[in-house]
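First comes the structure, then the notes that go with it.
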Amino acid sequence: MIDSVLIVQSGFLGDAVLATGLVRAISGVSSATRIGMLVRSFYVDLLHGHPGITQVYGMNKQDHKDITQIIEQIRLADYQLALIPHRSLRSQMIPYRAGIPKRVGFRQSTFSFLCTDTVEYAISSHELQRNASLLVPVGLDSARLDYHSWLSPDPETLLLIQEKYNGEKPTIVVAPGSVWPTKCWPEEGYAQLCQLFIEREWAVYLVGSKQERELCIRIAERARLERRYVLAGTLSLAELVAVMKCADRVVTNDSAPLHIAEGVATPVTAIFGPTAPEFGFSPYLPQSALLERPLPCRPCGIHGHRTCPLGTHRCMEEISVQAVFEAAINVENHEGIP
Numbered sequence: 046m047i048d049s050v051l052i053v054q055s056g057f058l059g060d061a062v063l064a065t066g067l068v069r070a071i072s073g074v075s076s077a078t079r080i081g082m083l084v085r086s087f088y089v090d091l092l093h094g095h096p097g098i099t100q101v102y103g104m105n106k107q108d109h110k111d112i113t114q115i116i117e118q119i120r121l122a123d124y125q126l127a128l129i130p131h132r133s134l135r136s137q138m139i140p141y142r143a144g145i146p147k148r149v150g151f152r153q154s155t156f157s158f159l160c161t162d163t164v165e166y167a168i169s170s171h172e173l174q175r176n177a178s179l180l181v182p183v184g185l186d187s188a189r190l191d192y193h194s195w196l197s198p199d200p201e202t203l204l205l206i207q208e209k210y211n212g213e214k215p216t217i218v219v220a221p222g223s224v225w226p227t228k229c230w231p232e233e234g235y236a237q238l239c240q241l242f243i244e245r246e247w248a249v250y251l252v253g254s255k256q257e258r259e260l261c262i263r264i265a266e267r268a269r270l271e272r273r274y275v276l277a278g279t280l281s282l283a284e285l286v287a288v289m290k291c292a293d294r295v296v297t298n299d300s301a302p303l304h305i306a307e308g309v310a311t312p313v314t315a316i317f318g319p320t321a322p323e324f325g326f327s328p329y330l331p332q333s334a335l336l337e338r339p340l341p342c343r344p345c346g347i348h349g350h351r352t353c354p355l356g357t358h359r360c361m362e363e364i365s366v367q368a369v370f371e372a373a374i375n376v377e378n379h380e381g382i383p
């Protein structure tokens with residue numbers, strides 16, 4: 046039995062969410078295992094009060110003093126095992142310097158020689174499967190484990206969100222933004238989609254970061270949606286998790302809200318353009334749906350681009366509003382992951 050484990054995932058928000066699949070898998074083997082998780086400091090709120098995590102460490106990657114303090118805190122916690130799904134040098138270095146005796150990472154990680162055990166990073170597998178493969182060197186059969194992502198809204202926050210936003214109407218949460226502009230389905234498409242849901246008497250909420258608030262306001266204005274339904278830039282991560290939990294469905298691009306929604310078991314309708322599900326970040330819940338336009342130029346990059354390399358953005362422009370609406374209204378099953 047694993048007595049204590051530190052999960053190191055200092056990547057993007059979606060990466061941190063998907064790494065919680067390891068928390069579920071380990072907790073399923075033994076609820077007595079002490080689990081710590083290291084994420085970027087911005088994301089600590091996401092995991093606050095998580096029932097499967099004993100300690101969350103928030104790291105400022107640009108602050109060397111902060112990293113040194115984190116290493117010392119981890120050293121004092123005396124973990125037996127580190128699981129390192131993030132492949133950066135820093136992520137391999139921290140558990141090494143903290144003296145964790147068994148450290149499992151990917152063979153393709155930068156400075157993977159700092160690990161005691163490595164596994165192959167299977168590019169064609171889902172990220173949840175890749176992460177679960179890190180458990181093989183410690184004697185666990187990932188095929189027999191439940192390693193789906195696991196977020197747990199704070200009960201008080203969830204109650205407040207339910208009282209404030211969750212009425213009698215079915216609820217759709219729309220997350221139209223992304224750090225990468227080419228990952229975004231057109232604004233006009235989202236506005237028309239919101240209109241269709243409003244006509245069906247669904248409650249529609251627009252979510253996103255502070256930087257995406259203006260985008261959400263423009264979409265709301267086009268859809269004749271009252272400003273109070275624009276939640277972008279007003280929610281903490283804990284509140285966003287609760288909003289996703291209250292929703293009947295989430296519509297989003299290939300971005301973090303996809304993973305947050307599925308982490309609380311809310312199905313998504315995901316729109317993929319420059320990226321591809323083969324990279325391992327597609328929806329996996331049986332009730333979720335994925336829309337994409339097969340084109341010879343896809344995928345054009347693992348993250349997308351600032352602008353379309355061909356100047357057309359066909360991968361997004363040619364996905365119709367009706368197709369997205371029907372995929373969200375009709376719960377269409379897909380294969381998901383094992």
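With my numbering as the guide, the letters of the sequence shown map in order to residues 46 to 383.
Backbone N, C-alpha and C fix where the C-beta goes; we use that ideal spot for every residue, glycine too.
Owing to the predicted nature of the structure, the values given are computational and were not obtained by experimental measurement.
Taking the alpha-carbon positions, what's the Gln367 to Arg351 distance?
-> Reading the sequence shown from its first residue, position 322 is the one you call residue 367. Reading the sequence shown from its first residue, position 306 is the one you call residue 351. Cα to Cα, the separation comes out at about 26 Å.
Are there 16 or more other CB atoms within 10 angstroms of the CB of Ala64, so buried, or fewer, so exposed?
-> Counted from its first residue, the sequence shown places residue 64 at position 19. With 16 or more other Cβ atoms within 10 Å, it is buried.
Under three-state DSSP, which class holds Leu92?
-> By 1-based counting over the sequence shown, the position of residue 92 is 47. In this structure, Leu92 counts as helix in the three-state DSSP scheme.
Identify every run of the beta strand (DSSP E) within the stretch 217–290, keeping only runs that are complete inside it and at least 3 residues long; order them along the chain.
-> 248–251
Given that a residue counts as buried once 16 or more other Cβ atoms are within 10 Å of its Cβ, and exposed if not, what is Gly222?
-> Start at 1 with the first residue of the sequence shown, and residue 222 comes out as number 177. Result: buried.
Since Ser187 and Leu180 are thought to touch, with beta carbons under 8 Å apart, how far apart are those beta carbons, to the nearest angstrom?
-> The residue given as residue 187 occupies position 142 in the sequence shown. The residue given as residue 180 occupies position 135 in the sequence shown. So it is a contact: roughly 6 Å between Cβ atoms.
By a C-beta neighbour count over all protein chains shown, 10 Å radius and 16 as the cutoff for buried, is Pro198 buried or exposed?
-> Counted from its first residue, the sequence shown places residue 198 at position 153. With 16 or more other Cβ atoms within 10 Å, it is buried.
Name the residue from Leu276, Gly73, Gln237, Asn105 whose alpha carbon lies nearest to the alpha carbon of Gly97.
-> Here residue 97 refers to the residue found at position 52 of the sequence shown. Closest by alpha carbon: Gly73.
DSSP on Lys110, reduced to helix/strand/coil?
-> Here residue 110 refers to the residue found at position 65 of the sequence shown. Of the three classes helix, strand and coil, the one that applies to Lys110 here is helix, per DSSP.
Decide yes or no for the touch test of the stretch 257–275 against the stretch 284–302: beta carbon pairs closer than 8 Å, at least 3 of them.
-> no
Opposing strand residues paired with Val309 [DSSP bridges] | The count along the sequence shown starts at 1 and reaches residue 309 at position 264. BP columns for Val309 are empty, so no partner.
Starting from the C-beta of Glu377, find all residues in its chain whose C-beta is less than 6 Å away, skip the five residues before and the five after it, and write them out in chain order.
-> Against the sequence shown, residue 377 aligns to sequence position 332. Annotation note: pLDDT 45 at Glu377 (below 50); position unreliable, coordinate value reported separately. Ala334.
Nearest CA to the CA of Phe57: which residue from Glu213, Val50, Ser300, Gly356?
-> For the purposes of this step, residue 57 is taken as the residue at position 12 of the sequence shown. Ranking the options by Cα distance to Phe57, first place goes to Ser300.
Between Arg152 and the rest of its own chain, which residues show a CB-CB distance below 8 Å, the 5 nearest in sequence each way excluded?
-> Residue numbering aside, residue 152 sits at position 107 when the sequence shown is read from its first letter. The residues are Thr163, Val164, Glu165, Tyr166.
Own chain residues within Cβ distance below 8 Å of Val369, not counting five before or after | As a first step, residue 369 must be located in the sequence shown, where it is residue number 324. Excluding residues within five positions, the ones whose Cβ falls inside 8 Å are Trp230, Gly234, Leu238, Val296, Thr314, Ile316, Leu336.
Under the three-state DSSP convention, the category Ile139 falls into | As a first step, residue 139 must be located in the sequence shown, where it is residue number 94. Looking at Ile139 - three-state DSSP - the assignment turns out to be helix.
Can you tell me which of the three DSSP states Lys147 falls into?
-> Sequence index remark: in the sequence shown, residue 147 carries index 102 (1-based). In the structure shown, Lys147 sits in a strand (DSSP, three-state: E or B).
Under a three-way DSSP split, which group does Thr65 fall into?
-> Residue mapping note: residue 65 aligns to position 20 of the sequence shown, counting from 1. Three-state DSSP puts Thr65 in a helix.
Rounded straight-line distance, which links the Cα of Thr279 to that of Thr216 = Sequence index remark: in the sequence shown, residue 216 carries index 171 (1-based). Sequence index remark: in the sequence shown, residue 279 carries index 234 (1-based). C-alpha separation (whole angstroms): 18 Å.
Would you kindly report the start and end of the unbroken beta strand (DSSP E) that includes Ala210?
-> Here the question's residue 210 lines up with position 165 in the sequence shown. Reading off the sequence, residue 210 comes out as Tyr, not Ala. From DSSP, Tyr210 is part of no beta strand (DSSP E) but of the alpha helix (DSSP H) over 200–210.
Are the CB atoms of Gly325 and His171 nearer to each other than 7 Å?
-> Counting from one through the sequence shown, the residue named residue 325 turns up at place 280. Counting from one through the sequence shown, the residue named residue 171 turns up at place 126. Contact flag set, yes.
Compute the Euclidean distance between the alpha carbons of Gly110 and Ile119, then round it to the nearest angstrom.
-> By 1-based counting over the sequence shown, the position of residue 110 is 65. By 1-based counting over the sequence shown, the position of residue 119 is 74. What sits at residue 110 in the sequence shown is Lys, not Gly. Looking at the two C-alpha atoms, the distance is approximately 14 Å.
Which stretch, first to last residue, makes up the alpha helix (DSSP H) that contains Leu83?
-> In the sequence shown, the residue the question calls residue 83 occupies position 38. First-last for Leu83: 79–85, but that is the beta strand (DSSP E), not the alpha helix (DSSP H).
Straight-line gap, Val84 to Gln137 (C-alpha atoms, nearest Å) = As a working mapping, residue 84 is identified with position 39 in the sequence shown. As a working mapping, residue 137 is identified with position 92 in the sequence shown. The straight-line gap from Cα to Cα measures roughly 13 Å.
For Leu355, is the classification buried or exposed, using 16 other Cβ atoms within 10 angstroms of its Cβ as the cut-off for buried?
-> The sequence position of residue 355 within the sequence shown is 310, counting from 1. Exposed, because fewer than 16 other Cβ atoms sit within 10 Å of the Cβ of Leu355.
Helix, strand or coil: how does DSSP classify Asn298 here?
-> Within the sequence shown, the letter at position 253 stands for residue 298. Three-state result, Asn298: strand.
C-alpha gap between Arg175 and Leu285, whole angstroms = As a working note, residue 175 is residue 130 in the sequence shown. As a working note, residue 285 is residue 240 in the sequence shown. Distance between the alpha carbons of Arg175 and Leu285: 26 Å.
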